[in-house]
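Let me begin by presenting the structure, written as structure tokens, before commenting on it.
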DNA sequence: ACTTTTTACTTGCAAATCACAAGTAAAATG
DNA sequence: CATTTTACTTGTGATTTGCAAGTAAAAAGT
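Protein chains in written order, with the working numbering: chain S, 1 to 158; chain P, 1001 to 1158.
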């Protein structure tokens, strides 16, 4: 009788090229991961329930799985809520906030080429002021400012 | 006996928010689509077999499926090879080449935060010269120039 | 104190998607 | 005209997903 070790078929087993794009997609190349990052980044979401009710219709088992994988890959970190021990708070790490440029370009592409719910005016302002938008996203992250960024359009208010 | 129409569960059926990021991820939010776009964009791949042998290990049924979906969503277009009727040639559309900024940011993120096979020097040059790199990618696309872009580093040669 | 509610999950299951191997049709090559 | 090449398709089992339901711990209500 032979024993065959249970050949685990985790996604990390697949042979991949060393290309950074390939490695990145191994981490967040799915339908949900970047939506969670987006919600953390620009909507100020911090709790499990926020993501669950984000309007994207993610199932709770998938959400829990993605939060765990994003934490494992160092994109976000969790901590218990000091004010309510039932809750866990999710925050982007530096590695996570560094996804802002990629997310912004994906946003601009989608708004440019697909019918989306985003007002064209807002998008073209964001596309024109990429650096300012990214600076504001980073500022909010550093200050732990959960205010959604959407009212902030196309340049710092004077 | 009641007949229930077979409720098709295509991914397009899922309820989604109108966010451009969400709609974009519905189109290319998987492990393979952006790798195909990358190969068309910077490696000059044109044929089925090129993608198959790209080193990422994509199965032929998945490759065929992704090429079809990318064509359906207008990111690439196919035509028979004028010189060999067995072949079909795949090319990016304008919509496809417009993914270049997103792809570049994903590349920079991956190279910055993960152990990849990309030399750091090359990546930092690309990150510093984003606009020049993107201009060169677009130039090659317009000229139908399939030369891989990798030897071209960090700025136009003088 | 105790019942109810909230929160962040886990579990079970059917359906969809995936990876892998093999097969096929059409066209080119020898 | 037999062989090879190309771009796929098909079959099969494994993995992942979507959906509904359940659960444990903590908070809130009475």
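Where a beta carbon is used, it is the ideal one built from N, C-alpha and C, also for glycine.
- Within 8 Å (strictly less), CB to CB, does residue 63(S) reach chain P? no
- Whole angstroms is fine: what's the gap from residue 1053(P)'s alpha carbon to residue 1034(P)'s? 16 Å
- Message: Tell me which residue opens and which closes the alpha helix (DSSP H) that residue 1102(P) is part of.
- Response: 1100 to 1113
- Query: Using the rule of at least 16 other Cβ atoms within 10 Å of the residue's Cβ for burial, across every protein chain shown, is residue 150(S) buried or exposed?
  - Reply: exposed
- Message: Please tell me whether residue 43(S) and residue 119(S) are closer than 8 Å, where the distance is taken between their beta carbons.
- Response: no
- Mind reading off the beta-carbon distance from residue 1103(P) to residue 1037(P)? Whole number of angstroms is fine, and I expect it under 8 Å. 7 Å
- Query: The alpha helix (DSSP H) spanning residue 39(S) covers which residue range?
  - Reply: 33 to 42
- Quick one: what's got a C-beta closer than 8 Å to residue 123(S)'s C-beta in the same chain, skipping five residues either side? 107, 108, 111, 112
- Item | Status (buried if at least 16 other CB within 10 Å, exposed otherwise) for residue 116(S) | buried
- Could you tell me whether the Cβ atoms of residue 1017(P) and residue 55(S) are closer together than 8 Å? yes
- Query: Per DSSP, residue 127(S) forms a beta bridge with which residues?
  - Reply: Its beta-bridge partners do not exist; DSSP assigns none.
- Message: With a threshold of 8 Å between beta carbons, is residue 16(S) in contact with chain P?
- Response: yes
- Flag this pair as touching only if the segment 1063 to 1079 of chain P and the segment 1091 to 1105 of chain P have three or more C-beta atom pairs under 8 Å; answer yes or no. yes
- Could you please give me the residues that DSSP links to residue 1078(P) through a beta bridge? 1090(P)
- C-beta atoms of residue 1088(P) and residue 1081(P) nearer than 8 Å: yes
- Name the chain S residues whose beta carbon is nearer than 9 Å to that of residue 1122(P)? Within 9 Å Cβ-Cβ: nothing; residue 1122(P) doesn't reach chain S, min ~10 Å.
- For residue 1039(P), does the count of other Cβ atoms within 10 angstroms reach 16, so buried, or fall short, so exposed? buried
- Query: Are the CB atoms of residue 1101(P) and residue 105(S) nearer to each other than 8 Å?
  - Reply: yes
- Message: Under 8 Å, Cβ to Cβ, is there at least one residue of chain P near residue 147(S)?
- Response: no
- Task: Buried or exposed for residue 68(S), please, with buried defined as at least 16 other CB atoms from any protein chain shown within 10 angstroms of its CB.
- Result: exposed
- Query: Buried or exposed: residue 1058(P), going by 16 or more other Cβ atoms within 10 Å of its Cβ?
  - Reply: buried
- Supposed contact pair residue 32(S) and residue 86(S) - C-beta distance, whole angstroms, cut 8 Å: Not a contact, Cβ separation roughly 23 Å.
- Since residue 164(S) and residue 63(S) are thought to touch, with beta carbons under 8 Å apart, how far apart are those beta carbons, to the nearest angstrom? The structure shown does not extend to residue 164(S), since chain S is modelled only from 1 through 158, so no value can be given for it.
- Task: Could you check the C-alpha separation between residue 1023(P) and residue 1070(P) for me, to the nearest Å?
- Result: 14 Å
- Message: Quick check: the Cα distance between residue 27(S) and residue 1125(P), rounded to an integer number of angstroms?
- Response: 24 Å
- Task: Using a cut-off of 8 Å between C-beta atoms, extract the partners of residue 1118(P) located in chain S.
- Result: 18, 19, 20
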